[in-house]
Amino acid sequence: METPALLDTGLMAKSEAAALFDLPRAAADCRIVVAMSGGVDSSVVAALAHASGAEVIGITLQLYDYGAATGRKGACCAGDDIRDARAVADRLGIAHYVFDHESAFREEVVEQFADEYLAGRTPVPCIRCNMGPKFTDLFRMARELGADCLATGHYVRRVMTEGGPQLHRAFDPARDQSYFLYGTTEAQLAYLRFPLGGMPKPQVRELAEAAGLRNAAKPDSQDICFVPDGNYAKIVTKVRPEGAAPGAIVHAATGETLGTHKGIVHFTVGQRKGLEIGGQPEPLYVIGLDAASREVRVGPKRMLAVNAARVTETNRIGPMGDEPLTAKVRSLAKPVPVTLEGAIGGGSAVTIRFATPEFGVAPGQAAVIYAGERVIGGGWIDSTEKVEA
139 METPALLDTG LMAKSEAAAL FDLPRAAADC RIVVAMSGGV DSSVVAALAH ASGAEVIGIT
199 LQLYDYGAAT GRKGACCAGD DIRDARAVAD RLGIAHYVFD HESAFREEVV EQFADEYLAG
259 RTPVPCIRCN MGPKFTDLFR MARELGADCL ATGHYVRRVM TEGGPQLHRA FDPARDQSYF
319 LYGTTEAQLA YLRFPLGGMP KPQVRELAEA AGLRNAAKPD SQDICFVPDG NYAKIVTKVR
379 PEGAAPGAIV HAATGETLGT HKGIVHFTVG QRKGLEIGGQ PEPLYVIGLD AASREVRVGP
439 KRMLAVNAAR VTETNRIGPM GDEPLTAKVR SLAKPVPVTL EGAIGGGSAV TIRFATPEFG
499 VAPGQAAVIY AGERVIGGGW IDSTEKVEA
C-alpha cells in the first residue's frame with residue numbers, strides 16, 4: 139500500500155489531505171470534528187483535517203484526574219495532555235473544546251475495571267472506553283455540531299465497499315489497534331474516519347514536525363491511561379479495598395496449598411512471575427482464579443492449554459462471508475486459526491474453537507475475529523474449555 143507523500147511546501151496537498159477523510163462533498167463545505175487526546179497521533183489528524191480545507195473542531199474529553207497521572211507524559215485525556223491538545227489547536231487556528239467526563243469514565247470504565255479484577259477476570263478498559271465515553275459521547279457531540287464525520291488517531295483502516303464500510307487492520311502491524319475497536323457499530327463506522335490507518339508511525343511524526351506541532355516527539359501512551367505507574371492492583375484496591383483480601387495459592391492438579399497471596403487482583407491467567415512459591419519441580423503459571431474462595435490456582439504450562447472459548451456480548455461488523463477466520467485473544471497476541479460455533483453479532487454468545495491448543499486465554503479479555511485483514515467483530519471471553527482438566 140502506498141502512503142501519502144509529504145510535500146516540501148508544507149504538510150500535504152489539500153487534495154491528498156481531503157482524500158484521507160473520504161468527505162461527502164468539497165472539503166471547503168465540510169466540518170470535521172477531531173477527537174484530540176493531546177498525543178501526537180490525534181494532533182496530526184487535526185493538522186491533516188485543517189490541511190484539507192475543511193472547518194475543523196477539536197474535542198477533548200477529560201476522563202480522569204488522578205494526581206500523578208495528570209502530569210504524566212504519554213498518558214491521555216488529563217493534565218498536560220489537555221494542555222498539549224489546546225496548544226495544537228491554537229497552532230492550527232481551530233476551535234477546541236474540553237468536556238469533563240470524569241464521572242462517566244469512573245463509573246463506566248474505572249469501577250468496572252476494578253469489579254472485573256475482583257471477579258477473577260482480566261479486563262480491557264480501553265475497549266470499554268471506546269464503547270462508552272469516547273465513541274458514544276463524541277458521536278453525539280459531533281452530530282450536534284453538524285459535523286460530516288468524526289476523526290480519530292487510531293491505527294486502523296476504514297475501507298469502503300459496495301456493501302458499506304469495513305474495518306481493517308492498520309498498514310503498520312506494529313501499530314494496529316483494531317483489537318480495541320471490534321465493538322464499533324456499522325452506524326459508527328459509517329461516520330468515523332481513521333486517516334492514520336495507512337501510515338507507518340515514523341511518517342506520522344514527520345507530519346507532526348512539518349506542521350510545527352509541539353508534541354511531535356511526545357512519547358506514545360503506555361499501559362492504561364488511568365494507571366500512572368502500571369500498578370493495576372493499586373488502582374483496584376483504591377476503588378475496591380476488598381481487593382486486598384488475602385487467600386491461598388493452590389496447585390490446580392493436586393489441591394496442595396503452596397503459599398498465600400495478598401489479593402487475587404494481583405494475578406491474571408497465564409502469569410508466571412510474582413507467585414513467590416519457590417522450590418517447585420517445574421515452573422508454575424496461574425491456571426485460574428476463584429473469586430469466591432480467593433484462591434489462585436497454579437500449575438505447569440500444559441494446564442493453560444485450551445481448545446475453545448465461550449465469547450459473550452458479541453458484535454459483528456459487516457457480513458460473515460466464507461473466508462477462513464482467525465482470532466486474537468490478547469491485544470499483543472498473533473491471530474490464530476479458529477472456527478465459530480454459533481452466529482456472532484447482536485450480543486449473542488458463540489464458541490470459538492482453536493485449530494490448535496491456545497495458551498493463556500483469560501476470561502475478561504476480548505476475542506476479536508478476523509477474515510484476513512478485515513475485522514469481523516468480537517466479544518468478551520467468558521469461559522474456556524481446557525485441554526487438560
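Numbered per the numbering used here, the sequence shown spans residues 139 to 527.
Note that beta-carbon positions come from the ideal geometry of N, C-alpha and C, so glycine has one too.
- Annotation for Y329: F277, C287 and L288 place their beta carbon closer than 7 Å to its own, counting only its chain and skipping 5 residues before and after.
- The three-state secondary structure of A493, taken from DSSP, is strand.
- One thing to note: T464 has its Cβ no nearer than 8 Å to the Cβ of V449.
- For Q326, the uninterrupted alpha helix (DSSP H) segment begins and ends at E324 to Y329.
- Counting along the chain, K472 sits inside no beta strand (DSSP E), nor does DSSP assign it H or E at all.
- Unbroken alpha helix (DSSP H) runs of no fewer than 4 residues, entirely contained in the region 243-284, are found at 249-256, 263-267 and 276-282, following chain order.
- Ranked by Cα distance from R221, the first of G515, G483 and G177 is G177.
- Put simply, the backbone Cα of V499 is about 7 Å away from that of V407.
- Per DSSP, L288 is not a residue of any alpha helix (DSSP H); the beta strand (DSSP E) it occupies stretches across C287 to A289.
- As the crow flies, the alpha-carbon of E240 is around 19 Å from that of S359.
- If you look at P303, you'll find it in the beta strand (DSSP E) that goes G302 to R307.
- Taking the Cα of R163 as reference, the smallest distance to any Cα among A173, Y255 and S190 is reached at S190.
- Straight through space, the alpha carbons of F251 and V262 are spaced by roughly 8 Å.
- In this chain, the beta strand (DSSP E) harbouring L463 covers L463 to K466.
- Judged by beta-carbon spacing, M441 lies within the 8 Å limit of I425, meaning their Cβ atoms are closer than that value.
- For V248, same chain residues with a beta-carbon under 8 Å away, outside a window of 5 residues either side, are Y202, P263, F364, I373 and V377 in chain order.
- For P340, the three-state secondary structure derived from DSSP is helix.
- Sixteen is the threshold: since fewer than 16 other Cβ atoms of the shown chains lie within 10 Å of the Cβ of A355, the residue is exposed.
- Between A447 and I514, the CB-CB gap reaches or exceeds 8 Å.
- Of the candidates Y370, V444 and T452, the residue whose Cα lies closest to the Cα of V474 is V444.
- Each of K524, R352, A151 and R295 was checked against the Cα of E511, and the nearest Cα belongs to R295.
- With a cutoff of 8 Å on beta-carbon distance, D160 and L334 are scored as not near each other.
- The region 424-439 and the region 449-458 do not touch, with fewer than three beta-carbon pairs separated by less than 8 Å.
- When DSSP reads this structure, P501 sits in a beta bridge with Q503.
- Boundaries of the alpha helix (DSSP H) around K376: Y370 to V377.
- M150 sits buried, since 16 or more C-beta atoms from the chains shown fall within 10 Å of its C-beta.
- Put simply, the region 180-187 touches the region 221-238. At least three CB pairs are less than 8 Å apart.
- The Cβ atoms of E246 and R266 sit closer than 8 Å to each other.
- Contact annotation: Y293 and G516 have beta-carbon atoms that are not nearer than 8 Å.
- If the five residues before and after L283 are omitted, its C-beta is found closer than 8 Å to the C-beta atoms of R169, V171 and I195, all from its own chain and listed in chain order.
- The alpha carbon of D310 has as its nearest neighbour, out of G258, A505, A383 and Q341, the alpha carbon of Q341.
- Separation of the CB atoms of G412 and L422 is rounded to 11 Å, and the pair is thereby denied contact status at 8 Å.
- Where D228 is concerned, the enclosing alpha helix (DSSP H) starts and stops at D218 to L230.
- Under the three-state reduction of DSSP output, Y317 falls in the helix class.
- When secondary structure is reduced to three states using DSSP, A447 falls in the strand class.
- For S181, the enclosing alpha helix (DSSP H) stretches over residues V178 to A189.
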